[in-house]
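Numbering (the numbering used here), first residue to last: 7 to 301. Note that the Cβ used here is the ideal one computed from N, Cα and C, for glycine as well.
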Amino acid sequence: MKKTRICELLGIKYPIIQGGMSLIASAELAAAVSNAGGLGIISPNGSEPDWGKVAENLRSQIRKGKSLTDKPFGVNFPIHVLGQDRSLLDIAIEEGVPVVTTGAGSPALHTSYLQEHGVRVLHLVASVKHAKGAEKSGVDAVIAEGYESGGINGPDELTTFVLVPQVVDAVSIPVIAAGGICDARGLVAALALGAEGVQMGTVFITTNECIADQDYKDAIVAANDTATIITGRGSLPIRGLKSELITQGQRTAEADIAPRQMICGAVAGMINEIVSAGDVVRNIVQGYDRIVAGL
Ligand SMILES: Cc1cc2nc3c(=O)[nH]c(=O)nc-3n(C[C@H](O)[C@H](O)[C@H](O)COP(=O)(O)O)c2cc1C
């Protein structure tokens, strides 16, 4: 597979990143992706929903990651959650984490601090304006995420297909494409648009190593092309499964079961099996040559 500036920047074999995912991006998942030659990312609350325990959880997850792989992996920090507080960043620095992904806030706040401590910073954006701002703040690369993606979406609802080339044209740092990618076709298309890597979230939920509940994984595998919807437009737009909205109503009626949103991207319709996270990476690597040869 083609080596890009992202491979060089992050010290990884393939330009394939497993995105941070609140509550479910734990050390086991990140290490499996990194062991397969991509870059795994731990979320500070991956495997521990109690935010009061986030500091100890983050440190123990990083240490667990280091025990499971000798390859690089990163940590994701949503900036609106951190604010000015750098204590969680300091844990990542102390533990020698080489890469941090940030999003949902200004990259001007912490980028130079992290870089002064030898950490590469990738910032997630959903518009050209924010990509330019991130470049100005000195980030090492931007992750351009279209609104096909699972989780919190940008307000302007740009698709990956139109966002990525416009960001590529607007900045000179490397661009990673995210949103709607789960296989080799998506990676080849992203590279054709000028991206130098991909970040995927949804496809990694349906892996053996992901700690997501089995019914969540099964619902993604069962999902079709029209299965997801954005809720919270105008405040906090989030893409997840439509069917879960119905289930949530039922669950809320049952007092003992807390409502839970099954967050995932539109790419759920393309995911048909639960495999290992390493196989997700390996299948993309194997499919890449075949697709490129057929173009
Ligand atoms: C369940 C879920 C939780 C997510 N949580 C975060 C998060 O905490 N921080 C973040 O930067 N991105 C988060 N994302 C976005 C992913 O890192 C990734 O960019 C996105 O899933 C890519 O699009 P895809 O879902 O089409 O693969 C989340 C995505 C999902 C599906």
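With 16 other Cβ atoms within 10 Å as the buried cut-off, status of residue i
i    : result
T208 : buried
G157 : buried
N82  : buried
L130 : buried
P21  : buried
L301 : exposed
G203 : buried
N230 : exposed
S49  : buried
T166 : buried
Q90  : exposed
Q24  : buried
Own chain residues within Cβ distance below 7 angstroms of residue i, not counting five before or after
i    : result
K138 : A176 and V177
V227 : T212, I277, N278, E279 and I280
S133 : G160, D162 and L164
S118 : G144
Q67  : S32, A33, I48, G52 and S53
V194 : Y294, I297 and V298
E260 : Residue placement at E260 is flagged as unreliable, the pLDDT there being 48, under the threshold of 50; a coordinate-derived value is accordingly withheld.
I290 : I22, D189, A190 and L193
Test item: CB-CB of residue i and residue j under 8 angstroms
i    : j    : result
V148 : V125 : no
E3   : R69  : This structure cannot settle anything about residue 3, because the visible part of the chain is limited to 7 through 301.
D146 : L45  : no
V87  : T108 : no
N51  : V39  : no
T213 : V281 : yes
G185 : E151 : yes
A37  : L74  : yes
Q267 : G293 : no
I30  : I244 : no
A190 : I297 : yes
L94  : L120 : no
Residue i in three-state terms, based on DSSP
i    : result
D219 : coil
Q205 : strand
A299 : helix
N159 : coil
A264 : Any reading at A264 is ruled out, since the residue's pLDDT is 45, under 50, leaving its predicted position unreliable.
L166 : Strictly speaking, residue 166 in this sequence is Thr, with Leu absent from that position. Correct three-state label for T166: helix.
L29  : coil
H136 : helix
N41  : helix
V103 : coil
R245 : strand
Distance cut-off 7 angstroms: residue i Cβ against heavy atoms of ligand 1
i    : result
C13  : no
E151 : yes
L115 : no
P84  : yes
T208 : yes
M276 : no
T234 : no
S93  : no
A184 : yes
I18  : no
Cβ shell of residue i (< 6 angstroms), same chain only, five flanking positions each side left out
i    : result
I235 : K248
V174 : V181 and G200
Same chain only: Cβ atoms within 8 angstroms of residue i, ignoring 5 sequence neighbours per side
i    : result
T10  : P21, P180, L197, E202 and G203
D262 : Reliability fails at D262, whose pLDDT of 44 lies under 50, so the model's placement of it is uncertain and no value is given.
P78  : L16, G17, I18, S40, L45, P104 and V105
Ligand 2 heavy atom lying under 7 angstroms from the CB of residue i
i    : result
C270 : By its list of ligands, the structure shown excludes ligand 2, since it contains just ligand 1.
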